[in-house]
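**Q** Got a structure here, written out as structure tokens. Questions coming.
Numbering (my numbering), first residue to last: 106 to 260.
Rendered as structure tokens:
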């Protein structure tokens with residue numbers, strides 16, 4: 106059966122025109138969002154600063170290669186959805202996040218989790234002996250971002 110097309114009434118023409126305009130605007134917005142996402146990914150990938158984003162449920166959403174290099178021993182566990190507590194537990198157990206002398210694993214994990222969840226900037230010694238400047242911030246939507254900068258040679 107061949108579908109029949111009925112002409113639009115005069116009252117329906119403005120609605121049809123508006124629907125087409127909205128669809129066109131939506132398509133333009135989608136294309137702009139895709140381009141902005143590509144630009145952000147490119148900027149993160151080309152940064153020497155480590156960057157990681159945890160969502161409001163403390164699940165990993167975004168990271169860059171520099172972050173994996175600045176926190177050695179964790180590149181193989183980084184994946185979307187990894188929980189911050191799991192990340193910290195594994196990183197402490199592998200020595201990627203330092204423990205203080207005489208500090209238990211549980212105390213070190215608690216200390217690092219507190220640091221990741223505070224709005225703070227601090228310098229700390231890396232497992233390799235160098236120094237790192239770390240910054241943790243909560244964003245307006247509740248997500249948490251962390252940046253890491255190798256500060257061994259000054260900044």
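Cβ atoms here follow ideal geometry from the backbone N, Cα and C, with glycine treated the same way.
All of these numbers come straight from a predicted model, not from anything done at the bench.
Rounded C-beta distance between residue 175 and residue 166? I'm assuming under 8 Å.
**A** About 18 Å separates the two Cβ atoms, so there is no contact after all.
**Q** Can you grab the Cα-Cα spacing for the pair residue 259 / residue 237, in whole Å?
**A** Note that residue 259 has pLDDT 48, beneath the 50 cutoff, so the model's placement of it is unreliable and no number is given.
**Q** Along the alpha helix (DSSP H) that carries residue 263, what are the first and last residues, could you check?
**A** Only positions 106 to 260 of the chain appear in this structure, which leaves residue 263 out of reach.
**Q** With DSSP collapsed to three states, give me the class of residue 228.
**A** Reduced to three states, the DSSP call for residue 228 is strand.
**Q** Going by C-alpha to C-alpha distance, which of 204, 249, 207 sits closest to residue 223?
**A** Out of 204, 249, 207, 249 has the C-alpha closest to the C-alpha of residue 223.
**Q** Thinking just about the alpha-carbon of each residue, which of 194, 177, 234 is nearest to the one in residue 216?
**A** If we check each option's Cα against that of residue 216, 194 comes out closest.
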